[in-house]
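Numbering of the sequence shown is given in full-length UniProt numbering, commencing with residue 1 and proceeding in unit increments.
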Amino acid sequence: MFFSDGPLCNRVERADQTSRPLPQIRLPAVECQSKIISTGFVGPRREKVCTSNYCHVTKTESFVENLENPEELSVSNCGDIPEFDFDVRLKNSIGVPGLYANGCYRIQVETRVATVDCFCSKNRCNEVLPEIETGHVRCYMGKDFRNTSQVDGHQFCDGDFCLIQNSHGRVSKGCISLNERNSWSHLKSGHRRILGVDQWLCQAHLCNYDIERAMKSVKSSMRAEKTNFVYAVRIGKRLVVGFIIWIMIIRDVF
1 MFFSDGPLCN
11 RVERADQTSR
21 PLPQIRLPAV
31 ECQSKIISTG
41 FVGPRREKVC
51 TSNYCHVTKT
61 ESFVENLENP
71 EELSVSNCGD
81 IPEFDFDVRL
91 KNSIGVPGLY
101 ANGCYRIQVE
111 TRVATVDCFC
121 SKNRCNEVLP
131 EIETGHVRCY
141 MGKDFRNTSQ
151 VDGHQFCDGD
161 FCLIQNSHGR
171 VSKGCISLNE
181 RNSWSHLKSG
191 HRRILGVDQW
201 LCQAHLCNYD
211 IERAMKSVKS
221 SMRAEKTNFV
231 YAVRIGKRLV
241 VGFIIWIMII
251 RDVF
């Protein structure tokens, strides 16, 4: 598998070039915990150690009426779809690609089910599932919409990001909360396409109403970040000038 980020960089002659060969990066080889934990499981727990490039752990929370706490099913193992696992997951069984190694993500696109998905690259790193605090951005939620402009005005969830995803004509909307403390890369607002799956991520209340609102929210956030950066630079320059003047005054006094 070869990845690149420049124009026409995936040409065969570039990959086979001997004078300036492309670097080869070996995937990690780690020991992982393999086990299943369920609130409804009765009997002895079976655990074993397996070896893989990445360790996986997925927790599914099912919300049932008249139950205070959700039913939980946690699966830890050596593989979900391992042939698509690199620093970024190109595909996974929960249907939301583009998650990063050494990060954990809580994803919800329907009322009664939420999924926490993690994969990591250190020995036994999937033994304990990290805590993920739910974000504070309110998002539309639902799946199997006809198009990206359709919403269910009665279903909402909260997360760090709102999501619109079009997976080969199957449109879903929801929220993503994350713990990327140890991850090498991080999710960002905007649009991306991964193996034919389009995703739009935004970070404003109900910004996943449609693509237009999502991208408008992203542009607004970028303008705000740019304004804050310029303001910080100006303040920094004023502080430097003030410090120099103070030094000159001190020298004159003494």
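Note that the Cβ used here is the ideal one computed from N, Cα and C, for glycine as well.
A distance below 8 Å separates the beta carbons of LYS59 and VAL116. Cβ contact annotation for SER149 (same chain, cutoff 6 Å, sequence separation greater than five): ASP210, in chain order. Straight-line spacing of the CA atoms in ALA29 and SER121 works out to 8 Å. Here the alpha carbons of GLY153 and ASN53 stand approximately 42 Å from one another. Within the region 87-167, the runs of beta strand (DSSP E) at least 3 residues long that lie entirely inside it are, in chain order, 103-110, 113-120, 137-140, 142-145, 156-159, 161-167. Under the 10 Å beta carbon count, SER217 is surrounded by 16 or more other beta carbons and is classified as buried. DSSP places ILE36 inside the beta strand (DSSP E), whose first and last residues are 30-38. One Cα belongs to PRO70, the other to ALA214, and the distance between them is close to 31 Å. CYS125 has its alpha-carbon roughly 24 Å from the corresponding atom of GLY135.
Taking every protein chain shown into account, the CB of GLY40 has fewer than 16 other CB atoms within 10 angstroms, so this residue is exposed. The Cβ atoms of VAL96 and GLN165 sit closer than 8 Å to each other. Nearest in C-alpha terms to LEU195, of all of ILE107, GLN155, GLY98, GLU68, is GLY98. ARG193 is bridged by DSSP to ASP198. Between the alpha carbons of GLN108 and PHE84 lies a gap of roughly 22 Å. Scanning TRP184, ASP160, PHE161 for the CA closest to the CA of GLY103 turns up TRP184. Look at ILE81 here: in three-state DSSP terms it is coil, with no helix or strand label. In the structure shown, LYS216 adopts helical secondary structure according to DSSP, grouped into three states.
Taking C-beta atoms as the reference points, SER177 and ARG106 count as a pair closer than 8 Å.
C-alpha of ARG46 to C-alpha of ASN77: approximately 12 Å in a straight line. Annotated three-state conformation of ASN69 is coil, per DSSP. Straight across, the Cα-Cα distance linking GLU110 with PHE145 is about 12 Å.
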